[in-house]
Amino acid sequence: MQTYLGPPQLPSDDKRWKIVDATARRYGREPHALIETLHTVQETFGYLDEIALRFVAATLRVPLSRVYGAATFYHFFTLKPQGKHTCVVCTGTACYIKGAPALLSAIERQHGIKPGQTTPDGELSLVTARCLGSCGLAPAAVMDGAVLGKIAPTEMLARIQKGMHP
Amino acid sequence: MTIEELRKIAESEREAQNKFSHHVCVCMAAGCQSSGAADVRDALLKEVAESGMRNEVHVKGVGCMGLCSAGPLVAVETDGKMYANVTPDEAPEIVRDLDTGADSLKQLSAEDPFFRRQRKIVLENSGVIDPERIEDYIAHDGYFALVHAITELTPLEVIQQILKSGLRGRGGAGYPTGLKWSTVAKTGEQKKYVVCNADEGDPGAFMDRAVLESDPHRVLEGMAIGAYAVGAQKGYVYVRAEYPLAVKNLKTAIRQAERLGLLGNDIAGSGFSFHVDIRLGAGAFVCGEETALMASIEGKRGTPRPRPPYPAQEGLWGCPTLINNVETFANVAPILRHGPEWFAAIGTEKSKGTKVFALAGQVSNTGLIEVPMGITLREIIHEIGGGVPDGRKFKAVQTGGPSGGCIPEEHLDSPVDYESLARVGSIMGSGGMIVMDETSCMVDVAKYFTDFCRSESCGKCVPCRAGTEQMYGLLCKIAASQATEADLALLEELCDLVRNTSLCGLGQSSPNGVLTTLRYFRKEYEAHIAGQPCGACRPEKEAEL
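Going down the list, the protein sequences come from chains A and B.
Each residue of the first sequence is one higher than the one before, starting from 1 at the first, in our numbering.
Each residue of the second sequence is one higher than the one before, starting from 167 at the first, in our numbering.
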């Protein structure tokens, strides 16, 4: 039988690990805190890497396979670092029939990236969302946290340009 | 907290509000915020301060007013004026008109069918109260139903009221709420849970989000009443991480309710305790299915499991669990407050009350509406929605999200209730309603929904995982005019198989989009197969996605 030696050490001195650890602690390091803890990792680090997955597994005493399973099952989690700027295009039904595909192809033509990709210089990531819930404003997109409603392709490109080079 | 204390809070809040002669409400829900509502509010506050009217005019941020397409919206509560598409520059005129009573800006009319045809129960406080202040909710009769229920009614009496009201689950399936409650109540277990399903995954649906953003206390009150009725001590709200404002307002609401002793230990001195916690979803559509949702709360991958046992018998961590949708819980307090007979008088024989819909797509007025059950689709689209814009022709309305179907012109006169929508091949669903005009190709729409179901399939059962993939492949072939008649027959056979053999609701309903478009728009499929124009396909539609 293995003896439980208490929670593991934080992976590094990076203060952000303390925030992650605080979430785990708040739920008593119970296995059911897995998704909440992964949320905190993504919020503080921007993505989930192997070090983070191993740490979460150890601190919640959950098999690494289950942590990896959850991290890849849920679309919200990403295992790759995101670009400096993120553009989210909504592909919900209302946005789809009102021109979301045109937004995506305009961005692809201009920046050479498809949904889920980041430009080679790490400046811009393009992401699609299932539905932002801004259907009244379709087509909708989010550039670095700012929601843009009823947006046309040319305007979209202009906003991306403005966001990247203010 | 007794009824008396609650009344005192309500009175002092009303008194404080009555000191102002004008209330200017700015919609701060997500839709209007993305149209620039925060700047409008700041401009109004600045204008009020500069013109020295701080003691007469109260500017407050409120929840969703419904007409998202005309945002940012500003309403003057005292004289019933409503302004659309407000810019910060218009603030001086709005404030000046308060004083003089003049109408120098264009306004929306309250007589507009968009407002007149609605009947608000769930949304009665949306766009009226400040969602971040519990006092405002209490001043609008909030929490009286909860305190009344736990101090004066037995759990059985509460359940009987819900049963008598005829309320049915608003998540889509329409299971009688009172029946569900009594099943959970009857289990002899000590430990039980209440879960609020706010994982609104349907693309094109934003009802739950608006309720949580605009009136979060209403949901908490409904959950607490439900917990008292079934004997639960702990509740979870499972809400999408994609709704940051809803999460924020909900967190604030829980904290405020705990501070006033309306949630927590020994509520109203009755010995009844109820704690609520929030769990964030992580972008998995299947987690809207109740067994998958529970797996997700337990920190696992959100895969459904066979029922029975139903959550009411064996739910979270094996304990009996009551799961209801946001809108269902939001109906509970009004039913207790006005009586079940009042509620049962609204709607049709089998579908009582109202339903909130998110109206979007190719329709003039997009936004959030609440209508009595039994209203026809035509009234919703052509009167409330103002019809299809730009002189184009209506083609179909899609209800129920990826699990629903497309309803054509000839069925627009069918009433909106659970049974009628099922009869025409669609479902009530959670309330997304997307209008399509002649520019939408129905094969493309079916392809879109099948693509959605295929990528959202959790992969547990084969018919859904592999079947939707094959359906998508066939639809791509048809859309690209590379298919034969045999492919169409195969597609229909697959639909039948996936529908009848999948494990959960996602799989079983995933062929609905294909089946309804085949039923009503078969000509478009045949045109694609024959390599002829279907009448709608636009070059840009052929692009990515």
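The C-beta atom is built at its ideal place from N, Cα and C for all residues, glycine as well.
Check: DSSP three-state assignment for Arg-159 (chain A), whether helix, strand or coil; Outcome: helix
Check: Beta carbon proximity, Thr-154 (chain A) to chain B, threshold 8 Å; Outcome: no
Check: Leu-446 (chain B): contacting residues in chain A (beta-carbon distance under 8 Å); Outcome: Ile-35, Glu-36, His-39
Check: Three-state class that DSSP yields for His-75 (chain A) in the structure shown; Outcome: coil
Check: Cβ contact check for the region 206 to 215 of chain B and the region 271 to 278 of chain B: 3 or more pairs under 8 Å; Outcome: no
Check: Leu-10 (chain A) versus Asp-443 (chain B) - alpha carbon distance; Outcome: 27 Å
Check: Short CB-CB distance (under 8 Å) between Gln-399 (chain B) and chain A; Outcome: no
Check: 8 Å Cβ cutoff met for Glu-493 (chain B) and Asp-374 (chain B); Outcome: yes
Check: Spatial neighbours of Ile-35 (chain A) in its chain, beta-carbon cut-off 8 Å, leaving aside the 5 residues before and after; Outcome: Ala-70, Tyr-74
Check: Spatial neighbours of Ala-702 (chain B) in its chain, beta-carbon cut-off 7 Å, leaving aside the 5 residues before and after; Outcome: Glu-604, Thr-605, Ser-606, Cys-607
Check: Nearest candidate by alpha-carbon position, reference Gln-284 (chain B), set B:Gly-591, B:Thr-683, B:Glu-545; Outcome: B:Glu-545
Check: Beta carbon proximity, Ile-573 (chain B) to chain A, threshold 8 Å; Outcome: no
Check: DSSP beta-bridge partners of Leu-126 (chain A); Outcome: A:Cys-87
Check: Spatial distance of Ser-569 (chain B) from Ser-12 (chain A) (CA atoms); Outcome: 46 Å
Check: Per-residue DSSP class, three states only, for Asp-249 (chain B); Outcome: Correcting the residue type first, residue 249 (chain B) is Tyr in the shown sequence and not Asp. Strand at Tyr-249 (chain B).
Check: Endpoints, the beta strand (DSSP E) within which Lys-521 (chain B) is located; Outcome: 520 to 527
Check: For Val-225 (chain B), the residue or residues it bridges with in DSSP; Outcome: B:Val-190
Check: Three-state secondary structure assigned by DSSP to Ile-151 (chain A); Outcome: coil
Check: Positions along the region 88 to 99 of chain A whose CB lies within less than 9 Å of some CB in chain B; Outcome: Cys-90, Thr-91, Gly-92, Thr-93, Ala-94, Cys-95, Tyr-96, Ile-97, Lys-98, Gly-99
Check: Touching by the beta-carbon criterion (3+ pairs, under 8 Å), the region 365 to 381 of chain B and the region 178 to 197 of chain B; Outcome: yes
Check: Interface flag, Val-147 (chain A) vs chain B, CB-CB below 8 Å; Outcome: yes
Check: Chain-ordered chain B contacts of Gly-136 (chain A) [CB-CB under 7 Å]; Outcome: Gly-197, Cys-234, Ser-235, Ala-526, Thr-532, Gly-533
Check: Proximity of Leu-53 (chain A) and Leu-64 (chain A) at Cβ, strictly below 8 Å; Outcome: yes
Check: Backbone secondary structure at Ser-439 (chain B) - three-state DSSP; Outcome: strand
Check: Proximity to Asn-497 (chain B) [Cα-Cα], best of B:Ala-510, B:Cys-485, B:Thr-487, B:Pro-486; Outcome: B:Ala-510
Check: Three-state secondary structure (DSSP) of Thr-244 (chain B); Outcome: coil
Check: Alpha-carbon to alpha-carbon, Gly-229 (chain B) and Gly-437 (chain B); Outcome: 34 Å
Check: Contact with chain B by His-85 (chain A), beta-carbon distance below 8 Å; Outcome: no
Check: Where the beta strand (DSSP E) through Val-405 (chain B) begins and ends; Outcome: 400 to 405
Check: Within-8 Å CB hit, Gly-28 (chain A) to chain B; Outcome: no
Check: Three-state secondary structure (DSSP) of Leu-211 (chain B); Outcome: helix
Check: Partners in chain A for Met-602 (chain B), counting only beta-carbon separations shorter than 7 Å; Outcome: Ile-97
Check: Distance CB(Gly-566 (chain B))-CB(Gly-598 (chain B)) smaller than 8 Å; Outcome: yes
Check: Buried versus exposed, by CB contacts within 10 Å (16 or more), Tyr-4 (chain A); Outcome: exposed
Check: Inter-stretch contact at 8 Å, needing at least 3 Cβ pairs: the region 516 to 524 of chain B / the region 113 to 124 of chain A; Outcome: no
Check: Selection from B:Cys-619, B:Val-225, B:Lys-185 that minimises the alpha carbon distance to Cys-661 (chain B); Outcome: B:Cys-619
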